[in-house]
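The sequence shown begins at -16 in our numbering and counts up one residue at a time.
Just so you know, even glycine gets a beta-carbon here, dropped at the ideal spot from N, CA and C.
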Amino acid sequence: MEKDMAETQFDKQQYEAQDAFEERVIEIARVAKVVKGGRRFQFRVTVVTGDKKGSVGMGVGKANAVPDAMRKASERARKDLRAVNLSGTTIPHEVLGKVAGARVFLKPASAGTGVIAAGGVRAVLEVAGVRDILTKSMGSANVLNVVMATFDALDALRSPTVEAARRGKRNDELLPFWERRKQHA
């Protein structure tokens, strides 16, 4: 009996903790399936969820009604949460993400720059907790592919020490120029 109560309390705490996540609806699209009698329409919703502390996830939901699709997308986004390597308010190094025809380039920026990004890329980075970054989206403008390319880039981020070892450099050589200036001043 006590064990059941403890599990219930844990689940309740976990549920309350999920409220700390911010959700952004990136796209609501009406999609069609062609059948013998004509077209069957559904709604596809893309949602991004994050805690603004380095965790972010994406979910896609499809249903006959928008609220049902949003609920499905939201649940899938929470299940898809992944950690992002952050270096303060930015990312540790430049990275390129590719999915299908979409390419997204992410570049660290000095404090105070803000999130220089558009559409889905901005939503993903803001809910992940990145506050200073420069981005460039190239190729396909398909919203879903651009968002997935952003996730591909974020997954490719490594900690500064791991990336420095991979490149055969010292940790301080990998720091952005504005950080190196602070050390020498």
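Classify residue i: buried if its beta carbon has 16 or more other beta carbons within 10 angstroms, exposed otherwise.
i	result
residue -5	Here residue -5 scores only 48 on pLDDT, less than 50, and its place in the model should not be relied on; the value that follows carries that caveat. The residue in question, residue -5, is exposed, as its Cβ has fewer than 16 Cβ neighbours within 10 Å.
residue 115	buried
residue 98	buried
residue 44	buried
residue -9	Its pLDDT being 47, under 50, residue -9 is placed unreliably in this model, and the coordinates cannot settle the point.
residue 86	buried
residue 75	buried
residue 91	buried
Between the Cα of residue i and those of the options, spot the shortest distance and give me the residue it belongs to.
i	options	result
residue 36	112, 20, 155	112
residue 4	20, 16, 57	57
residue 69	54, 38, 46	38
Three-state secondary structure (DSSP) at residue i?
i	result
residue -11	With a pLDDT of 47 at residue -11, under the threshold of 50, the predicted position of this residue should be treated as unreliable, and no value is reported.
residue 75	coil
residue 62	helix
residue -16	A caution first: residue -16 carries a pLDDT of 47, below 50, which makes its placement in the model too unreliable to give a value.
residue 142	coil
residue 127	helix
Assuming contact is defined by CB atoms lying nearer than 8 Å, are residue i and residue j in contact in what I supplied?
i	j	result
residue 32	residue 6	yes
Practice problem: Would you be able to state if there are at least three C-beta pairs under 8 Å between the stretch 81 to 96 and the stretch 124 to 134? | Solution: Result yes; three or more Cβ-Cβ pairs closer than 8 Å.
Practice problem: Could you tell me whether the stretch 94 to 106 touches the stretch 120 to 127, using the rule of 3 or more Cβ pairs below 8 Å? | Solution: yes
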